[in-house]
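Enquirer: Numbering (the UniProt record's numbering), first residue to last: 1 to 795.
All C-beta atoms in this analysis are idealised placements derived from N, C-alpha and C, irrespective of residue type, glycine included.
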């Protein structure tokens, strides 16, 4: 929120500068992001009035203006602004004036000649005075502005803007009144509120109001004002204050409602009264009901959306944005002001579901004080009548919750303060702090009975009061002390694999750890896991972050594509995180480890021939990870996965449990992600991989081992893992290990088949093996493989 120092000091005027005010607010939890002047450091700029204009003889877009400047004679100014016209009052930089530049520099105005015509100064836009970023013609001043008056004095430009960042729990600080109240508390300075004078009523007219959705709207205040001149000009002082709050002037009615919102903190809305039918109903939307908003966007309402409606149609998204059809226009004569209290929990997140974020929704989501509405209506009425005139009707105040303005009391003990802060705070100081923040305080012998103000939604228990005391007392005044600690040696279980061990293993293989969002676009989830029922967030930040991921690949693949698009051709990324899937008992979250690799196998080196990674690189990395879980027997089974290449996809199993997947990214998805090179990836369930059995002692045989190699002819579809799994389950005691060490296809091998070279290691623990032992075991192996896989010895 942007706060004008000059406006703030009308409410509270401590004897400190803006920087110190910002510093104290920051220490109290309302962070100061920066202080900016409202205009550049220019000099010798006065109010000028254009007395006459004539076209430049040699330039179509230039005019020669005679400008009164408060001196005896007018000065001649050559100007190219499209709005330069006779009678206009605008800033005039005289000869010798210093103006700022966008890069922080400055330049002086000199007598110059433009296309042969002399110019004795320059008429200025708001940008040239450092007040705006964009040029929109000359800055037009009010017709009653005094010619020759210094523009800095006239526009009150000796001011700065404090940009403050109030945390979500401090909705009460989203206004000048709130910041003034907070400043007064911190500096122990009295706060002086502007006098709000009730305008005399011309009638008792009240437009009927019915609150149907009483769980979402607990107060609705309205007032009809007839015979309003909506074409009146908003006073310059109000336009300037709105500009310094980063709000553009849009006409007197809208300007007043915005002004009251910034001043008091309660959003308001003005309707064209003649466009309303029957009465106001605050209700839920009808599914699919259309509403055209003020920005021209048409939305389809949902049943969970609160709307302000008349007897025929929806008029506004409650707490978010008004509708176009009932808005105030240049033809409006009669208006209805409304100011309401909407329950924050019921409004929260609704604006984002419609792709909106407004000043009103920002405040209503955090909580607007339920005692502000009538005050805001009275203040807006006062300003509108001053600017636009009008006949004022009675205020219609409808409250659906009788307990709306009451708060439960909290008992705070002195011992609570000591226990939480570690120091004793003087009882009188505690009472003063609690009173200044707006609480109703009753003092006991060693305790306080406190009723929080209705605008402090974040105070409900004694700890909240302790926090307020610490905040106002000053965190910097609380001495730092080490808490007494008892050293505890963490137990490391040998049956668990620490995540950091797995991380380090991948880092050693050249991977870099990535941390991606758990929320992903629906399209990516649909591509990677089409059969999964997507879990949608109730209040997504955006549609790009609307779905809970079911696989870590949803974040890693876009990250890999982003790196490739930035000329990083060798990319290795991994992530440890949660995925989210639907189970029988609801949503489950599982800890996963996933990785993606692409590019060359090794970093560039003059002595190493560059070659690209393939499926077996990814599989090898997975095997290294699985090796950490000793005692488990993992198997790689050729199974199709929608995200993986049909011929390079393997499911990793541990008995009947699916532990993970490894494979190449499906070519169809490579195109979807804009990737032009092969990508290999894996994902493991850490619930299985992070567990291991204790290492068991194995006796080492003192007798020699014997190796036999076999060449087998098998069908192309038979995998090496199928051969190894068959041998591991053979039950041949003297067979200690087996490994496929060569695959051949070509001359001597029929089409559709391949030759696998198999190395077998035999060894006994009680004797030296003889050829007969080996031969009988080899024969048994050949017969077993032929029976289960169709393998035959290669001749």
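#1: Quick check on DSSP: helix, strand or coil for residue 447?
#2: In the DSSP assignment, find the unbroken beta strand (DSSP E) run with residue 108 in it and report its ends.
#3: Taking residue 572 as part of the beta strand (DSSP E), name the residues at either end of that continuous run.
#4: Smallest Cα separation from residue 373: which of 261, 36, 448, 331?
#5: As a quick exercise: from 656, 649, 647, pick the residue whose alpha carbon is nearest that of residue 823.
#6: Below 7 Å, is the gap between the Cβ of residue 739 and the nearest heavy atom of the ligand HEM?
#7: Measuring CA to CA, which of 780, 181, 654, 121 is closest to residue 456?
#8: Answer with buried or exposed for residue 519, where buried requires no fewer than 16 other C-beta atoms within 10 angstroms of its C-beta.
#9: Contact defined as beta carbons within less than 8 Å: I believe residue 813 pairs with residue 671. What is the distance between those atoms, to the nearest angstrom?
#10: Can you check which of these residues, 786, 787, 755, 776, is closest to residue 794 by C-alpha distance?
#11: Take residue 445 as the anchor and find which of 59, 473, 415 has the nearest alpha-carbon.
#12: How would you call residue 237, buried or exposed, if buried means at least 16 neighbouring beta carbons within 10 angstroms?
#13: What residue ranges within the segment 517-603 form continuous beta strand (DSSP E) runs of no fewer than 3 residues, ordered along the chain?
#14: Taking DSSP as the reference, what is the three-state secondary structure of residue 341?
#15: Determine contact between the segment 469-488 and the segment 424-440, defined as no fewer than three beta-carbon pairs at a distance below 8 Å.
#16: Measuring straight from C-alpha to C-alpha, what distance separates residue 294 and residue 466?
#17: Thinking C-alpha only, which one of 675, 266, 332 is nearest residue 361?
#18: Out of 667, 685, 686, 683, point me to the one whose CA is closest to residue 677's CA.
#19: Could you give the first and the last residue of the continuous alpha helix (DSSP H) run that contains residue 178?
#20: On a CA-only basis, which of 358, 288, 334 is nearest residue 273? Give me that one, please.
#21: Determine the extent of the alpha helix (DSSP H) in which residue 775 is found, giving its start and end residues.
#22: Is residue 420 helix, strand or coil by DSSP?
#23: State the DSSP-derived secondary structure class of residue 640, mapped to helix, strand or coil.
#24: Where do the N-terminal and C-terminal ends of the alpha helix (DSSP H) with residue 427 fall, by residue?
#25: Could you round the C-beta distance between residue 366 and residue 171 to whole angstroms and report it? I think they count as a contact, below 8 Å.
#26: Would you list, in sequence order, the uninterrupted beta strand (DSSP E) runs of no fewer than 3 residues that lie entirely inside the segment 453-499?
#27: Measuring CA to CA, which of 589, 263, 301 is closest to residue 800?
#28: Residue range of the alpha helix (DSSP H) that residue 661 falls in?
#29: Whether or not the segment 57-70 and the segment 15-24 are in contact is what I'm after, with contact meaning three or more pairs of Cβ atoms, one per stretch, closer than 8 Å; do they touch?
#30: Who are the Cβ neighbours of residue 232 in its own chain at under 6 Å, not counting the five residues just before and after it?
#31: Which runs of the alpha helix (DSSP H), 4 residues or longer, sit entirely within the segment 696-730?
#32: Could you spell out where the beta strand (DSSP E) holding residue 616 opens and where it closes?
#33: Would you say residue 187 and residue 16 are within 8 Å of each other, going by their C-beta atoms?
#34: Measuring CA to CA, which of 791, 687, 703 is closest to residue 710?
#35: Is the segment 537-552 in contact with the segment 600-608, if contact means three or more CB pairs nearer than 8 Å?
#36: Helix, strand or coil for residue 18 per DSSP?
Expert: In this structure, then:
#1: Strand, per DSSP.
#2: 106-108
#3: Segment 571-583, the beta strand (DSSP E) holding residue 572.
#4: Nearest of 261, 36, 448, 331 to residue 373, Cα basis: 261.
#5: Residue 823 is absent from the model: the chain starts at 1 and stops at 795.
#6: As for the ligand HEM, it is missing from this structure, which has no ligand bound.
#7: 181
#8: buried
#9: No statement about residue 813 is possible, as the shown extent of the chain runs from 1 to 795 and does not include it.
#10: 755
#11: Minimum Cα distance to residue 445 is reached at 415.
#12: exposed
#13: Within the segment 517-603, the complete beta strand (DSSP E) runs of at least 3 residues are 571-583, 586-598.
#14: strand
#15: Yes, the segment 469-488 is in contact with the segment 424-440.
#16: 44 Å
#17: 266
#18: 667
#19: 176-187
#20: 334
#21: 771-789
#22: helix
#23: Three-state result, residue 640: coil.
#24: 427-436
#25: Right, the Cβ-Cβ distance comes to about 3 Å (below 8 Å), so this counts as a contact.
#26: Taking only runs of at least 3 residues, no beta strand (DSSP E) segment lies wholly in the segment 453-499.
#27: Only positions 1 to 795 of the chain appear in this structure, which leaves residue 800 out of reach.
#28: Per DSSP, residue 661 belongs to no alpha helix (DSSP H); it is in the beta strand (DSSP E), 657-665.
#29: no
#30: 252, 387, 388
#31: 720-728
#32: Where residue 616 is concerned, there is no enclosing beta strand (DSSP E), although the alpha helix (DSSP H) it sits in stretches over 615-627.
#33: The answer is yes: Cβ separation under 8 Å.
#34: 791
#35: no
#36: helix
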